[in-house]
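135 is the number that full-length UniProt numbering gives to position 135 of the sequence shown; each next residue is one higher, with no gaps.
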Amino acid sequence: MRHILCAQQVHPHERDPEIEGGEHDTPPQPPSRVPEKLLEIWFAPTAAHISAEPSADGRTGLRRVERHVWEEMLDIVKCKVLSVVNGVEMDAYLLSESSLFVSPHKLILKTCGTTLNLLGLPRILEIAAKVNLPTVYRLFYSRKSFMFPERQSGPHRDWKEEVEFLDRYFSNGAAYTIGKMNGDHWLLYLTNPEDHPQASSSGITPSENEVGHTDYHPPSVHSDYTIEILMSGLSGPARDPFFNSELSEDSSDPTLPSTHAQELSQKLGISDIFPHHLTTLDAYSFVPCGYSSNALIKWGDENLELDSPHGPPAPSHSGEGYYTIHVTPEEGWSYASFECNVPLSVGGHPPDVEKKIPSLKDLVKRVVTIFQPSRLTLTLFISAEDNESAQGGPSAVELAQRSFKTALDESPYSLEDKPAKYKRTDKINYEFGGYDLAFASFELK
């Protein structure tokens, strides 16, 4: 389950006069800076439950759908594909308005600005049915409270309308509000799969023969894990690199925005958040400002310090995950958002261990050091079985809360030659149907 803040980005052929200012007598208005809308649909518990025959290149389920079909769906949502990275287990589409991730059994569509995210739902269900995925196993829709709600249209004008829209398709949905109603809060709608336990696309639980087949693997110890860091009020030095004055909408080189973004990623340390040899990064710089990136991450036991409360992991505990970053640097409404679904240790690594995936604490410090926010919200959304503690110890979400606080208590960077120190303003642990949440907010002291 995910949600991240994002700007309505402008790529070189979609320049926004409100951002540019132009020849207006009145001051330019702020662009549509709003929390990102996140729609995540699972058609089966795992990719192993997909029963359809693979395509010639070995793809199954939703990964059999061709790019032009997704692009037609995205036209309804009002965004475009900029580039795509095809991984081993998923495909990562970088969009003009955030990201699309496609796995065999699930789809994650996150869009920002005034996009019509939910209007893509009917078409997604039609596409899935054509690849033998007619039934939704679980659905999540979430966002933070809008900064400019009056700019939204369709069902996104109000949370009540969004819930009513989803209720037309799902009879087992539940809507939640988390956080301060008179401040930043998180809105979540999710459906419960208990009516179809362990259902495959055909609604059939894998038989003993299927479980014994070499193509079937039981769900990972970390069956669903997502960390988010949502940052606002970025410092001037952190914002400045994302104003891309050297780019032009009239450039004859279509690869320039991607090349520029790769160089910027290396310069700022974004490329170093995870080890280089495990990362495939796709990035884009917008005109006149802004940045987006998707990265696919290979992870496994040898890269993780697995000190989770579960004890030792199952053999061959590995996979392919992602992180995604979206930045809008304009003063007054600057945001940077980071999201990642790679399971992270809640311990720390020795400083000389460079080839390991960072611990949760180290990840928070790396990301916050790059963007230097004055306010931030952190969440860990984790499937309930992953949150169970061993021998009565602290749960995974409580360990995450400790990692959040420790990372930000240690002054991850200096601002104007003074250590940046944060204070926690909110801490909430929440239990949903099958999921648990650690939610925390911090601001500079």
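Just so it is clear, CB atoms sit at the ideal spot from N, CA and C, and this is done for glycine as well.
Does the distance from the CB of T226 to the CB of N341 come in under 8 angstroms?
-> Working through the sequence shown from its first residue, we reach residue 226 at position 226. Working through the sequence shown from its first residue, we reach residue 341 at position 341. Here T226 is near N341, since their CB atoms are less than 8 angstroms apart.
Nearest-angstrom Cβ-Cβ length linking K361 and S292, presumed shorter than 8 angstroms = Taking the first residue of the sequence shown as position 1, residue 361 is located at position 361. Taking the first residue of the sequence shown as position 1, residue 292 is located at position 292. Between S292 and K361 the Cβ distance is about 26 angstroms, and since that is not below 8 angstroms, they are no contact.
With 16 other CB atoms within 10 Å as the buried threshold, where does A336 fall?
-> Along the sequence shown, one-based indexing puts residue 336 at 336. Its Cβ being crowded by 16 or more others within 10 Å, A336 is buried.
What separation, rounded to the nearest whole angstrom, lies between the Cα atoms of T255 and E249?
-> For this step, residue 255 is matched to residue 255 along the sequence shown. For this step, residue 249 is matched to residue 249 along the sequence shown. Distance between T255 and E249, taken at the CA atoms: about 12 angstroms.
How is the beta strand (DSSP E) around A44 delimited, first residue to last?
-> Here residue 44 is taken as the residue at index 44 of the sequence shown, counted from 1. Where A44 is concerned, there is no enclosing beta strand (DSSP E), given that its DSSP letter is neither H nor E.
With distances taken between CB atoms, is the gap from V65 to V163 smaller than 8 angstroms?
-> Within the sequence shown, residue 65 is the residue found at index 65, counting from 1. Within the sequence shown, residue 163 is the residue found at index 163, counting from 1. No, these two residues do not count as a Cβ contact at 8 angstroms.
Taking 8 angstroms as the threshold, find out whether the region 109-124 comes into contact with the region 275-295 through three or more Cβ pairs.
-> no
Do the region 357-372 and the region 410-419 meet, that is, are 3 or more Cβ pairs less than 8 angstroms apart?
-> yes
Helix, strand or coil: how does DSSP classify P17 here?
-> Walking along the sequence shown from the start, residue 17 turns up at place 17. For P17, the pLDDT reaches just 34, beneath the cut-off of 50, and the residue's location in the model is therefore unreliable, although a value from the coordinates is still provided. Helix, per DSSP.
Delimiting residues of the beta strand (DSSP E) encompassing F442 | Your numbering for residue 442 matches position 442 in the sequence shown. Start and end: 435-444.
Taking only runs of the alpha helix (DSSP H) that begin and end inside the region 370-418, which ones reach a length of at least 4 residues, in chain order?
-> 384-387, 396-409
Within this structure, are the beta carbons of A128 and F43 separated by less than 8 angstroms?
-> For this step, residue 128 is matched to residue 128 along the sequence shown. For this step, residue 43 is matched to residue 43 along the sequence shown. The answer is yes: Cβ separation under 8 angstroms.
Identify whether D167 lies in helix, strand or coil by the three-state DSSP scheme.
-> Stepping through the sequence shown from its first residue, residue 167 is reached at position 167. Note: D167 maps to helix in three-state DSSP.
C-alpha gap between H68 and P54, whole angstroms = Position 68 of the sequence shown, counted from the first residue, corresponds to residue 68. Position 54 of the sequence shown, counted from the first residue, corresponds to residue 54. Cα to Cα, H68 sits roughly 19 angstroms from P54.
Environment of H222 [buried if 16+ CB atoms lie within 10 Å] = On the sequence shown, position 222 is the one that residue 222 refers to. Below a pLDDT of 50, predicted positions are generally treated as unreliable, and H222, at 42, falls in that range; the measurement from the model is reported next regardless. It counts as buried.
Do you know offhand how far A261's Cα is from K78's?
-> As a working note, residue 261 is residue 261 in the sequence shown. As a working note, residue 78 is residue 78 in the sequence shown. Approximately 23 angstroms between the Cα atoms of the pair.
N-terminal and C-terminal residue of the alpha helix (DSSP H) that M73 is part of = The residue given as residue 73 occupies position 73 in the sequence shown. It spans 67-77 - the alpha helix (DSSP H) in which M73 sits, taken as one unbroken run.
Looking at the structure shown, is R424 part of a helix, part of a strand, or coil, going by DSSP?
-> Here residue 424 is taken as the residue at index 424 of the sequence shown, counted from 1. The answer is strand: DSSP assigns R424 an E or B state.
Would you decide whether R168 is buried or exposed? Buried here means 16 or more other CB atoms lie within 10 Å of its CB.
-> The count along the sequence shown starts at 1 and reaches residue 168 at position 168. So R168 counts as exposed.
Starting from the C-beta of K180, find all residues in its chain whose C-beta is less than 8 angstroms away, skip the five residues before and the five after it, and write them out in chain order.
-> On the sequence shown, position 180 is the one that residue 180 refers to. Within the same chain, K180 has close Cβ partners D426.
What residues in its chain sit with their C-beta under 6 angstroms from that of I325, if we drop five residues either side in the sequence?
-> Within the sequence shown, the letter at position 325 stands for residue 325. Excluding sequence neighbours, I325 sits near S293, F338.
Taking the alpha-carbon positions, what's the V211 to P45 distance?
-> Walking along the sequence shown from the start, residue 211 turns up at place 211. Walking along the sequence shown from the start, residue 45 turns up at place 45. Below a pLDDT of 50, predicted positions are generally treated as unreliable, and V211, at 33, falls in that range; the measurement from the model is reported next regardless. Each residue's Cα considered, the two are about 14 angstroms apart.
CB-CB under 7 angstroms to G233, same chain, minus the five flanking residues each way: which ones, in chain order?
-> Taking the sequence shown and counting its residues from 1, one reaches residue 233 at position 233. So the qualifying residues of the chain are S334, P373, S374, R375.
Measure the CB-CB distance between S258 and Y284 and report whether it falls below 8 angstroms.
-> By one-based count along the sequence shown, residue 258 stands at place 258. By one-based count along the sequence shown, residue 284 stands at place 284. Contact: yes.
Would a C-beta distance cut-off of 8 angstroms place D184 and T379 closer than the cut-off?
-> Counted from its first residue, the sequence shown places residue 184 at position 184. Counted from its first residue, the sequence shown places residue 379 at position 379. No, these two residues do not count as a Cβ contact at 8 angstroms.
One or two residues paired with K106 in a DSSP bridge = Reading the sequence shown from its first residue, position 106 is the one you call residue 106. In the DSSP output, where bridge partners are listed per residue, K106 has W42.
Please classify A261: does DSSP put it in a helix, a strand, or coil?
-> Stepping through the sequence shown from its first residue, residue 261 is reached at position 261. Three-state result, A261: helix.
Looking at the structure shown, is P315 part of a helix, part of a strand, or coil, going by DSSP?
-> Along the sequence shown, read from residue 1 onward, the residue named residue 315 stands at position 315. Bear in mind that a pLDDT of 43 at P315, under 50, signals an unreliable position, so the model cannot answer this.
Quick one: what does DSSP say N294 is sitting in, helix, strand or coil?
-> Translated into positions along the sequence shown, residue 294 becomes position 294. If DSSP states are grouped into helix, strand and coil, N294 belongs with the strands.
By Cβ distance, which residues of its chain are closer than 7 angstroms to I124, with the 5 residues on each side in sequence left out?
-> Locating residue 124 in the sequence shown gives position 124, where the first residue counts as 1. Counting only Cβ-Cβ distances below 7 angstroms, and skipping sequence neighbours, we find I41, M73, L107.
Is N132 near the ligand PLP, with its Cβ less than 7 angstroms from a heavy atom?
-> Annotation note on the ligand PLP: not contained in the displayed structure, which lists no ligands.
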